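Read through the structure below, which is laid out as structure tokens, and then see the notes.
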Amino acid sequence: SESEIQEAIFCGLWRVRRRHGEQLLEDKLEAGCAPLALWQAATQNVLPTDSLLPPPIDGLMNGLPLAHELLAHVRNPDAQPHSINLTQLPISEADRLFLSRLCGPGNIQIRTIGYGESYINATGLRHVWHLRCTDTLKGPLLESYEICPIPEVVLAAPEDLVDSAQRLSEVCQWLAEGAPT
Numbered sequence: 056s057e058s059e060i061q062e063a064i065f066c067g068l069w070r071v072r073r074r075h076g077e078q079l080l081e082d083k084l085e086a087g088c089a090p091l092a093l094w095q096a097a098t099q100n101v102l103p104t105d106s107l108l109p110p111p112i113d114g115l116m117n118g119l120p121l122a123h124e125l126l127a128h129v130r131n132p133d134a135q136p137h138s139i140n141l142t143q144l145p146i147s148e149a150d151r152l153f154l155s156r157l158c159g160p161g162n163i164q165i166r167t168i169g170y171g172e173s174y175i176n177a178t179g180l181r182h183v184w185h186l187r188c189t190d191t192l193k194g195p196l197l198e199s200y201e202i203c204p205i206p207e208v209v210l211a212a213p214e215d216l217v218d219s220a221q222r223l224s225e226v227c228q229w230l231a232e233g234a235p236t
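Residue numbers for the sequence shown follow this note's numbering, so the first one is 56 and each next one is one higher.
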């Protein structure tokens, strides 16, 4: 099954939808620094080998060395967390395709909205997340591969959770008192 996760307007409140193909299996709200599906994904214990490297394709510039860097950090938990910032590198579409084929698809997709939008997708490799951040006009701000159990950018800070709980309590009280129409 695949999980779609979206943070609500309240930090630390997550809508989690679990699907199998087109069938919706579960649609719920979770509160906390990260939803349960992320903690479960962080405990997967599949290590890659160099046999995972896809065949080279025309137009590769930096894909092969980036793939080796990525795999080295996946295999060595002491070398985590590690970030490979594609935004600051000369990288071709062939490099992006090569890395995407190396990592394979994962089963978790996260979307957060702030000053822009962030899309954080689990890949098929343990502890490898593909992060894309866009500005309000959908222009690219950041693209990276994060090698870590759970990307820090996803985790709600304790003070944000306290603030969200207070704001949510105020909204619930306002609704209980009968919101003006």
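We put the beta carbon where it would ideally sit given N, CA and C, even for glycine.
Being a predicted model, the structure only gives us computed values, none of them experimental.
* Helix or strand or just coil, what does DSSP make of PRO43? -> In the structure as shown, the chain begins at 56 and stops at 236. Residue 43 is therefore absent and cannot be evaluated.
* Sheet register partners of ASN117 (DSSP bridge) -> Paired residues: none, contrary to the question.
* Report the rounded CA-to-CA distance for GLN164 versus GLU77, giving the unit in angstroms. => Computed Cα separation, rounded: 15 Å.
* Using the DSSP secondary-structure output, state which residues sit across from GLN29 in a beta bridge. => As displayed, the chain neither begins before 56 nor continues past 236, which places residue 29 out of reach and without an answer.
* Asked: Per DSSP, LEU84 forms a beta bridge with which residues?
  -> LEU84 is bridged by DSSP to ARG70.
* Asked: For the candidate residues ARG72, GLY161, PHE65, whose alpha-carbon lies nearest to that of ALA212?
  -> Measuring from the Cα of ALA212, the nearest candidate turns out to be PHE65.
* Go through its chain and collect everything with a Cβ distance to GLY179's Cβ below 8 Å, but skip five positions before and after it. => Closer than 8 Å at Cβ, skipping near neighbours: CYS158, GLY159, PRO160, GLY161.
* Helix, strand or coil for ARG156 per DSSP? -> Helix at ARG156.
* Are the region 79 to 95 and the region 56 to 70 touching, with three or more C-beta to C-beta distances below 8 Å? -> These segments touch.
* In angstroms, rounded to a whole number, what distance separates the CA positions of LYS193 and ARG166? -> LYS193 and ARG166 have their C-alpha atoms roughly 13 Å apart.
* Can you tell me the Cα-Cα spacing of PRO204 and GLY233, whole angstroms? -> Take the alpha-carbon of PRO204 and the one of GLY233: they are about 43 Å apart.
* With a 10 Å radius around its C-beta and 16 neighbouring C-beta atoms as the bar for buried, classify TYR170 as buried or exposed. => Classification for TYR170: exposed.
* When the Cα of GLY67 is compared with those of ALA149, ILE202, LEU141, CYS88, which residue comes out closest? -> Nearest option by C-alpha distance: CYS88.
* Could you check which residue in ALA92, SER155, CYS227, ALA122 has the C-alpha nearest to that of ARG74? => Of the listed residues, the one whose Cα sits closest to ARG74 is ALA92.
* Asked: Are the beta-carbon atoms of SER173 and LEU186 separated by less than 9 Å?
  -> Going by beta carbons, SER173 and LEU186 fall inside the 9 Å limit.
* **Where the beta strand (DSSP E) containing ARG187 begins and where it ends** => Where ARG187 is concerned, the enclosing beta strand (DSSP E) stretches over 183 to 189.
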